[in-house]
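The structure appears right after this line, and notes come after that.
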Amino acid sequence: MARTIYLESMLMAMRWTPVGDVETTARQTRNRRSYCSTARLLLMASRYSLGGSLLIIACILPALILGCPKQCVCRGNSVKCPAAVHFPESFPTNTEKILFDEYTVTELPPKAFQNLPNLTTLSFSRCNFGQISACAIPSNHKNLKTILFDLTVIGEIKQGAFTHLSPVSITFSKSKITTMKSYAFWNIKTKLQLTFTDTTVHKMEPFAFNNVTSDLGIKYENGRLKHLRSAAFADTQFNTVELKQVAFDNLECNFYPRLGLTKSLIISGCQFQCTCDIGYMKNIYASEVGLKDLVETGTCTGPEALQGASVKDVLDNDKIQNCPASKQVPDNCQPIQEIPEHVCTDRIIMGDEESNGSGSKSNTNKKGGNAAECRRSSWTLFSLVSIILLVL
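Following the working numbering, the numbering of the sequence shown begins with 19 at its first residue and continues without gaps.
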């Protein structure tokens, strides 16, 4: 009797969340109804035999494990995805935390985390992404508070990858970014805290940050900004800007037009390649607050003859030799801006038969993805248990 009551409570408390597109969801719903109908019909058998109880469990198990992505582990409201080469097609809709470890994929795809209203944390550790695509990070997500990239290599952060964010903290730690494309951070007006620690950005294009306003700050510490283009921070205002121990190979003029308007500006210990590329600073740094702080506190890391020298001393005393006249004045400090249309492309399913132009793979005939794999595994288990019961 106690076993029967327990089984009845299991059946009533069973929860299952459909995932995937409309067709997949409908198919999963039909499967769930089938599981539950079978379980109800067999409930009476459980009152008289252990076999009936086992059969009910076999019916329930498939529904219980549906939804967790292949190659991931789901515990409570957390999903952990260890080393893999294909990005999950979907996640359980009650997911709050997603942790990726040692992921190597062509892209962090568009709409990668859609339909996850409870999501609070995204963590990427020791990952390698060819690109973070447009609309990869959820927009206007009121619960998403933390995004962390640790020891992660990113080829490109595409236009519109981070846009219309709700209050969130984004951290890049000990990571490498090859190119931050124009409009990578775009149309953001919220409490955004952006931190780069021990991170290298090889190239930040013009308008990489555009129309960004934050009551919080941006912090870049102990890293490298190898090539920071003019107007990289266009129409951008953080309340606090911290640049500490940052190495610049090529810092173009007017890289942050509103830097001097920052309420709290902390600059110290930055390093420069003291070549002709910084010659333009000589006649303008004294009148530009942010640039002045960079020059007066900065040192040279190259060329060899100037290593360790004060940037201010090098500029004031013309210690950079044989520079053409064109390098002595600011040039092209305001690139032509053509604001693009923001478009979120459809999600591309990874790991199928045919490759598309982005290097990802997709197959329009494949529906349901990991849920289908779960169903196959579940029915295998169901078949094995059924055979055992027949033998009994």
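From the three backbone atoms N, C-alpha and C, an ideal C-beta is built for every residue, glycine too.
(request) Can you have a look at Lys281 and say buried or exposed, based on whether 16 or more other CB atoms are within 10 angstroms of its CB? (result) As a working note, residue 281 is residue 263 in the sequence shown. Classification for Lys281: exposed.
(message) On a Cα-Cα basis, can you pick out the residue from Ser141, Asn146 and Lys115 that is closest to Pro135?
(response) One-based indexing of the sequence shown puts residue 135 at position 117. For the residues Ser141, Asn146 and Lys115, the minimum Cα distance to Pro135 belongs to Lys115.
(request) Could you pull the start and end residues of the alpha helix (DSSP H) that Gly331 belongs to? (result) Locating residue 331 in the sequence shown gives position 313, where the first residue counts as 1. Here residue 331 turns out to be Asp, not Gly, going by the sequence shown. Run containing Asp331: Val329 to Asp334, per the alpha helix (DSSP H) assignment.
(message) Whole angstroms are fine: how far does the CA of Gly85 sit from the CA of Leu79?
(response) Counted from its first residue, the sequence shown places residue 79 at position 61. Counted from its first residue, the sequence shown places residue 85 at position 67. Annotation note: pLDDT 47 at Leu79 (below 50); position unreliable, coordinate value reported separately. Rounded to whole angstroms, Leu79 to Gly85 spans 12 Å at the Cα level.
(request) Tell me whether the beta-carbon of Ile206 lies closer than 8 Å to the beta-carbon of Val171. (result) Within the sequence shown, the letter at position 188 stands for residue 206. Within the sequence shown, the letter at position 153 stands for residue 171. No, they are not a contact pair.
(request) Determine contact between the region 301–310 and the region 218–235, defined as no fewer than three beta-carbon pairs at a distance below 8 Å. (result) no
(message) With distance defined between alpha-carbon atoms, name the residue in Leu279, Gln291, Ser200 and Lys262 nearest to Glu322.
(response) Within the sequence shown, numbered from 1, the residue matching residue 322 stands at position 304. Nearest option by C-alpha distance: Gln291.
(request) Please say whether Thr315 and Ala327 have beta carbons closer to each other than 8 Å? (result) On the sequence shown, position 309 is the one that residue 327 refers to. On the sequence shown, position 297 is the one that residue 315 refers to. For Ala327 and Thr315, no; Cβs fall outside 8 Å.
(request) From the DSSP output, in three-state form, read off Phe105 for me. (result) The residue given as residue 105 occupies position 87 in the sequence shown. Phe105: coil per DSSP, three-state reduction.
(request) Mind reading off the beta-carbon distance from Leu126 to Ile165? Whole number of angstroms is fine, and I expect it under 8 Å. (result) Working through the sequence shown from its first residue, we reach residue 126 at position 108. Working through the sequence shown from its first residue, we reach residue 165 at position 147. The Cβ separation is near 11 Å, so there is no contact.
(message) Within the continuous alpha helix (DSSP H) that includes Thr315, where are the two ends?
(response) For this step, residue 315 is matched to residue 297 along the sequence shown. Val307 to Thr315 is the extent of the alpha helix (DSSP H) around Thr315.
(request) Write down the C-beta distance between Leu277 and Lys300 rounded to the nearest angstrom, noting that I regard them as a contact closer than 8 Å. (result) Taking the first residue of the sequence shown as position 1, residue 277 is located at position 259. Taking the first residue of the sequence shown as position 1, residue 300 is located at position 282. In fact, because the Cβ distance is near 18 Å, the residues do not count as touching under 8 Å.
(message) Considering only DSSP beta bridges, list what Phe142 is partnered with.
(response) The residue labelled residue 142 in the question sits at position 124 within the sequence shown. Looking at the DSSP assignment, Phe142 forms a beta bridge with Phe118 and Phe167.
(message) So, with DSSP's three-state summary, where would you put Gln339?
(response) The residue you call residue 339 lines up with position 321 of the sequence shown. Here Gln339 sits in coil by DSSP.
(request) Helix, strand or coil for Ala304, going by three-state DSSP, please let me know. (result) Within the sequence shown, the letter at position 286 stands for residue 304. Residue state, collapsed to three classes: helix.
(request) Return the Cβ separation of Phe260 and Tyr238 in integer angstroms, given the expectation that the two are a contact with Cβ distance under 8 Å. (result) Residue 260 sits at position 242 when you count from the first residue of the sequence shown. Residue 238 sits at position 220 when you count from the first residue of the sequence shown. This sequence places Glu at residue 260; Phe is not what is there. With a Cβ gap of about 7 Å, Glu260 and Tyr238 count as contacting.
(request) Rounded to whole angstroms, what's the CA-CA distance from Cys54 to Lys209? Just pull it up for me. (result) For the purposes of this step, residue 54 is taken as residue 36 along the sequence shown, with counting starting at 1. For the purposes of this step, residue 209 is taken as residue 191 along the sequence shown, with counting starting at 1. Residue confidence is low: Cys54 scores 43 on pLDDT, short of 50, so the model does not pin down where it sits. Its coordinate-derived value is still stated next. Those two C-alpha atoms are separated by around 46 Å.
(message) Please return the same chain residues whose Cβ sits closer than 6 Å to the Cβ of Ser193, not counting the five positions on each side in sequence.
(response) Position 175 of the sequence shown, counted from the start, is the residue given in the question as residue 193. For Ser193, where only same-chain residues beyond five positions count, the Cβ hits under 6 Å are Phe167, Thr170 and Thr217.
(request) Would you grab the beta carbon distance between Gln352 and Asn272 for me? Rounded to a whole angstrom, and I think it's under 8 Å. (result) Position 334 of the sequence shown holds residue 352. Position 254 of the sequence shown holds residue 272. 6 Å between Cβ atoms; contact.
(message) To the nearest angstrom, how far is the alpha carbon of Ala202 from that of Leu279?
(response) In the sequence shown, the residue the question calls residue 202 occupies position 184. In the sequence shown, the residue the question calls residue 279 occupies position 261. If you take the alpha carbons of Ala202 and Leu279, they lie about 23 Å apart.
(request) Alpha carbon to alpha carbon, how far is Leu324 from Ile357? Give it in angstroms, no decimals. (result) The count along the sequence shown starts at 1 and reaches residue 357 at position 339. The count along the sequence shown starts at 1 and reaches residue 324 at position 306. C-alpha separation (whole angstroms): 41 Å.
(message) I'd like to know whether the C-beta atoms of Thr122 and Val103 end up nearer to each other than 8 Å.
(response) Residue 122 sits at position 104 when you count from the first residue of the sequence shown. Residue 103 sits at position 85 when you count from the first residue of the sequence shown. Yes. Within cutoff.
(request) Excluding the 5 residues preceding and the 5 following Arg242 in the sequence, name in chain order all residues of the same chain whose CB lies nearer than 6 Å to its CB. (result) Translated into the one-based positions of the sequence shown, residue 242 becomes position 224. Answer for Arg242: Thr218 and Ala265, listed in chain order.
(message) The beta strand (DSSP E) that contains Gly297, what's its start and end?
(response) The count along the sequence shown starts at 1 and reaches residue 297 at position 279. No beta strand (DSSP E) holds Gly297; DSSP gives it neither H nor E.
(request) Give every residue of the same chain whose Cβ lies closer than 6 Å to the Cβ of Gly320, excluding the five residues on either side of it in the sequence, and list them in chain order. (result) Counted from its first residue, the sequence shown places residue 320 at position 302. Cβ neighbours of Gly320 beyond the five flanking positions: Gln291.
(request) Could you tell me how far apart the beta carbons of Pro106 and Pro87 are, in whole angstroms, since I believe they sit closer than 8 Å? (result) The sequence position of residue 106 within the sequence shown is 88, counting from 1. The sequence position of residue 87 within the sequence shown is 69, counting from 1. With a Cβ gap of about 3 Å, Pro106 and Pro87 count as contacting.
(message) Measuring only the C-alpha atoms, how far is Asn112 from Leu140?
(response) To locate residue 112, count along the sequence shown from 1; it is residue 94. To locate residue 140, count along the sequence shown from 1; it is residue 122. Taking the straight line joining both Cα atoms gives about 14 Å.
(request) Rounded to whole angstroms, what's the CA-CA distance from Trp204 to Thr254? Just pull it up for me. (result) Numbered from 1 along the sequence shown, position 186 holds the residue referred to as residue 204. Numbered from 1 along the sequence shown, position 236 holds the residue referred to as residue 254. The alpha-carbon atoms of Trp204 and Thr254 are separated by roughly 9 Å.
(request) Let me know if Val329 comes out buried or exposed under the rule of 16 or more other beta-carbons within 10 Å of its beta-carbon. (result) As a first step, residue 329 must be located in the sequence shown, where it is residue number 311. Label assigned to Val329: buried.
(message) By the three-class DSSP mapping on this structure, what secondary structure does Gln289 have?
(response) Numbered from its first residue, the sequence shown carries residue 289 at position 271. Reduced to three states, the DSSP call for Gln289 is strand.
(message) In the DSSP assignment, the beta strand (DSSP E) including Lys176 goes from what residue to what residue?
(response) Translated into positions along the sequence shown, residue 176 becomes position 158. Per DSSP, Lys176 belongs to no beta strand (DSSP E) and is neither H nor E.
(message) According to DSSP, is Glu322 part of a helix, a strand, or is it coil?
(response) For this step, residue 322 is matched to residue 304 along the sequence shown. Reduced to three states, the DSSP call for Glu322 is helix.
(request) May I have the straight-line CA-CA distance separating Gln263 from Lys176, to the nearest angstrom? (result) For the purposes of this step, residue 263 is taken as the residue at position 245 of the sequence shown. For the purposes of this step, residue 176 is taken as the residue at position 158 of the sequence shown. Taking the straight line joining both Cα atoms gives about 27 Å.
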